[in-house]
Amino acid sequence: DTGVSQDPRHKITKRGQNVTFRCDPISEHNRLYWYRQTLGQGPEFLTYFQNEAQLEKSRLLSDRFSAERPKGSFSTLEIQRTEQGDSAMYLCASSLRRGTGRTDTQYFGPGTRLTVL
Amino acid sequence: DAKTTQPPSMDCAEGRAANLPCNHSTISGNEYVYWYRQIHSQGPQYIIHGLKNNETNEMASLIITEDRKSSTLILPHATLRDTAVYYCIVNGALINTGTASKLTFGTGTRLQVTL
Numbered sequence: 001d002t003g004v005s006q007d008p009r010h011k012i013t014k015r016g017q018n019v020t021f022r023c024d025p026i027s028e029h030n031r032l033y034w035y036r037q038t039l040g041q042g043p044e045f046l047t048y049f050q051n052e053a054q055l056e057k058s059r060l061l062s063d064r065f066s067a068e069r070p071k072g073s074f075s076t077l078e079i080q081r082t083e084q085g086d087s088a089m090y091l092c093a094s095s096l097r098r099g100t101g102r103t104d105t106q107y108f109g110p111g112t113r114l115t116v117l
Numbered sequence: 118d119a120k121t122t123q124p125p126s127m128d129c130a131e132g133r134a135a136n137l138p139c140n141h142s143t144i145s146g147n148e149y150v151y152w153y154r155q156i157h158s159q160g161p162q163y164i165i166h167g168l169k170n171n172e173t174n175e176m177a178s179l180i181i182t183e184d185r186k187s188s189t190l191i192l193p194h195a196t197l198r199d200t201a202v203y204y205c206i207v208n209g210a211l212i213n214t215g216t217a218s219k220l221t222f223g224t225g226t227r228l229q230v231t232l
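Protein chains in written order, with my numbering: chain A, 1 to 117; chain B, 118 to 232.
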């Protein structure tokens, strides 16, 4: 257990429905990342937050995806009008950015597996 | 980010050392080498990272060549629980500017530990 939790662990939904996932990072971590992993592939970066600010979004993050981190603690990832191609594992990671000159190590949660029927 | 090359799969007998190689010939001076592993259906687990010097922790050792173009992750006494996909990642964060260290995963090495 890394200290990063995600909820739910599994979600099955019908095409066209909206879904929302939650990530709770390690408490003192100021950076939070979202990744997506499809079968047989490594995780792919989606977006990241430093505190409450969303600082970068991947081209993979279509307009149907939105992420928030309102108070700089937990984060939510919402997918609107789900499509079968959204079926994947959605992973959250957090890290502590201490300042320039240092790298920050990301610790991953267990993921939320989404199946769109 | 620099690209990494890993063998797609390896086998190791339980109790023996597992040596997982990684090539990163285009690595630049401020890029770290990170290793993660992923056991089936779980999130990636951080193992170790390094810049220039060899590193060791309770999980593994990381040997980085002097020219930094390749590295080897060593699991000294592999167990069945070490069966996983191992990812070698070069972290392209621009450390001095504070850019996020988003990780670029490849397809990794599938390590199978057998009795």
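Glycine included, each C-beta is placed from N, C-alpha and C at the ideal position.
Just so we're clear, the structure is a prediction, and the values are computed from it rather than from any experiment.
Can you tell which of the options has the C-alpha that lies nearest to the C-alpha of residue i?
i        : options                                : result
Asp63/A  : Leu77/A, Ala53/A, Thr103/A             : Leu77/A
Gly109/A : Ser75/A, Asn18/A, Arg15/A, Ser66/A     : Ser75/A
Ser218/B : Val19/A, Glu28/A, Ser5/A, Tyr35/A      : Tyr35/A
Asp184/B : Gly225/B, Leu168/B, Ala135/B           : Leu168/B
Pro43/A  : Gly16/A, Ser58/A, Asp7/A, Ile12/A      : Ser58/A
Gln41/A  : Val207/B, Tyr203/B, Leu232/B           : Tyr203/B
Ser187/B : Ser145/B, Arg133/B, His194/B, Thr200/B : Ser145/B
Ser5/A   : Phe65/A, Thr47/A, Pro25/A, Leu32/A     : Pro25/A
Comparing the C-beta of residue i with each C-beta of chain A, is any distance below 8 Å?
i        : result
Gln229/B : no
Asn208/B : yes
Tyr203/B : no
Thr122/B : no
Ile212/B : Bear in mind that a pLDDT of 49 at Ile212/B, under 50, signals an unreliable position, so the number given afterwards is only what the model happens to contain. So, interface residue.
Leu220/B : yes
His157/B : no
Gly223/B : yes
What do you reckon, are the CB atoms on residue i and residue j nearer than 8 Å?
i        : j        : result
Ser178/B : Ile164/B : no
Leu96/A  : Gly111/A : no
Val230/B : Thr189/B : no
Asn30/A  : Gln50/A  : yes
Asn208/B : Glu131/B : no
Step through the CB atoms of chain B and report whether any lies within less than 8 Å of the CB of residue i.
i        : result
Thr115/A : no
Asp7/A   : no
Thr13/A  : no
Gly3/A   : no
Thr38/A  : no
Phe45/A  : yes
So if I threshold CB-CB distances at 9 Å, which residues from the region 63-95 of chain A count as touching chain B? Within the region 63-95 of chain A, the residues whose Cβ lies closer than 9 Å to some Cβ of chain B are Met89, Leu91, Cys92, Ala93, Ser95, listed in chain order.
By the 7 Å beta-carbon criterion, what residues does the region 134-146 of chain B contribute toward chain A? So nothing in the stretch comes that close.
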